[in-house]
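Asker:
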Amino acid sequence: DTEVTQTPKHLVMGMTNKKSLKCEQHMGHRAMYWYKQKAKKPPELMFVYSYEKLSINESVPSRFSPECPNSSLLNLHLHALQPEDSALYLCASSLGHSNQPQHFGDGTRLSIL
Amino acid sequence: QKEVEQDPGPLSVPEGAIVSLNCTYSNSAFQYFMWYRQYSRKGPELLMYTYSSGNKEDGRFTAQVDKSSKYISLFIRDSQPSDSATYLCAMTFEGDDKIIFGKGTRLHILP
């Protein structure tokens, strides 16, 4: 079991639905990340929160909306997604906002119908 | 440039063999060097990381960094079928939140 917990593990949604992915860590880490991973590819960075402030947005479409309610929680709100958005969405955390190693959750496998 | 080269494999070796996984990089500004293991339908698991050149050992795993050659390696001794997974090398720069990943090497340990 990882120390970064993501829910749900699987999600199937239509293109008009609104849903949210959730991530929680209790390691006292102050940086949290969202990644998207397609099959047989490395993870691609989407967003970085450092000390609960959005510090990096990798030009992700606005149909993805991140939120960091506190230092332990990270959400990703989804709306009007496209079939090409089907992927494994990974949350990660690290000790601070520098270049320290990141710890990943097991992801949410998202399918868009 | 922030590129990391890693052979995607697949790499198949018999159980008990020593496995050598490698990555090369072009930018000498990289500072942290990491190896992740990812099983199918799971997230990447941080196996080992090092901040400097040299070797770091943890059980059957040894990570090696050669900054002069811009080359990093992961050795797995006494390989087991449970080691079958994709191994991702990764690196970061000082003051940068981004991890630069290699493409990952798919490893199969044959019983």
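In order, the protein sequences belong to chains L and X. With positions in the first sequence counted from 1, the corresponding number in the numbering used here is that position plus 2. With positions in the second sequence counted from 1, the corresponding number in the numbering used here is that position plus 1. We put the beta carbon where it would ideally sit given N, CA and C, even for glycine.
Please identify the residue among X/Ser41, X/Tyr37, X/Glu95 and X/Ser83 whose C-alpha is closest to the C-alpha of X/Asn28.
Answerer: Within the second sequence, the letter at position 27 stands for residue 28 of chain X. Checking every option, the nearest Cα to that of X/Asn28 belongs to X/Glu95.
Asker: Name the two residues that bound the continuous beta strand (DSSP E) containing X/Gly55.
Answerer: Position 54 of the second sequence, counting from 1, holds the residue named residue 55 of chain X. Taken as a continuous stretch (DSSP letters only), the beta strand (DSSP E) holding X/Gly55 covers Gly55 to Asp59.
Asker: Give a yes or no on whether the minimum CB-CB distance between X/Pro11 and chain L is below 8 Å.
Answerer: Taking the second sequence and counting its residues from 1, the one referred to as residue 11 of chain X is at position 10. It does not: the Cβ of X/Pro11 has no partner Cβ on chain L nearer than 8 Å.
Asker: Can you give the Cα-Cα distance for X/Ala30 and L/Thr110, rounded to whole angstroms?
Answerer: Counted from its first residue, the second sequence places residue 30 of chain X at position 29. Counted from its first residue, the first sequence places residue 110 of chain L at position 108. Each residue's alpha carbon lies about 33 Å from the other.
Asker: Roughly how many angstroms lie between the CA atoms of L/Tyr91 and L/Leu13, to the nearest whole one?
Answerer: As a position in the first sequence, residue 91 of chain L is number 89, starting the count at 1. As a position in the first sequence, residue 13 of chain L is number 11, starting the count at 1. About 11 Å.
Asker: Can you give me the Cβ contacts of X/Arg61 inside the same chain, cut-off strictly under 7 Å, excluding the 5 residues immediately before and after it?
Answerer: Mapped onto the second sequence, residue 61 of chain X falls at position 60. Excluding residues within five positions, the ones whose Cβ falls inside 7 Å are Ile77, Arg78 and Asp79.
Asker: Identify, in the order they occur along the chain, each residue of the same chain with its Cβ nearer than 7 Å to the Cβ of L/Gly98, setting aside the five sequence neighbours on each side.
Answerer: On the first sequence, residue 98 of chain L is found 96 positions in, with the first residue counted as 1. The residues Arg32 and Ala33, in chain order, have a CB closer than 7 Å to that of L/Gly98 in the same chain once the five nearest residues on each side in sequence are set aside.
Asker: Does any CB atom of chain X fall closer than 8 Å to the CB of L/Pro164?
Answerer: Nothing can be reported for residue 164 of chain L: it is not among the residues displayed for chain L, which extend from 3 to 115.
Asker: What in chain X is Cβ-close to L/Gly109, meaning under 7 Å?
Answerer: In the first sequence, residue 109 of chain L corresponds to position 107, counting from 1. Result: Gly44.
Asker: Could you check the C-alpha separation between X/Gln32 and L/Gln102 for me, to the nearest Å?
Answerer: Position 31 of the second sequence, counted from the start, is the residue given in the question as residue 32 of chain X. Position 100 of the first sequence, counted from the start, is the residue given in the question as residue 102 of chain L. In a straight line, the C-alpha of X/Gln32 is about 10 Å away from that of L/Gln102.
Asker: If we ignore side chains and look at the alpha-carbon of each, how far apart do X/Gly103 and L/Pro44 end up?
Answerer: The sequence position of residue 103 of chain X within the second sequence is 102, counting from 1. The sequence position of residue 44 of chain L within the first sequence is 42, counting from 1. Roughly 7 Å separates the two Cα atoms.
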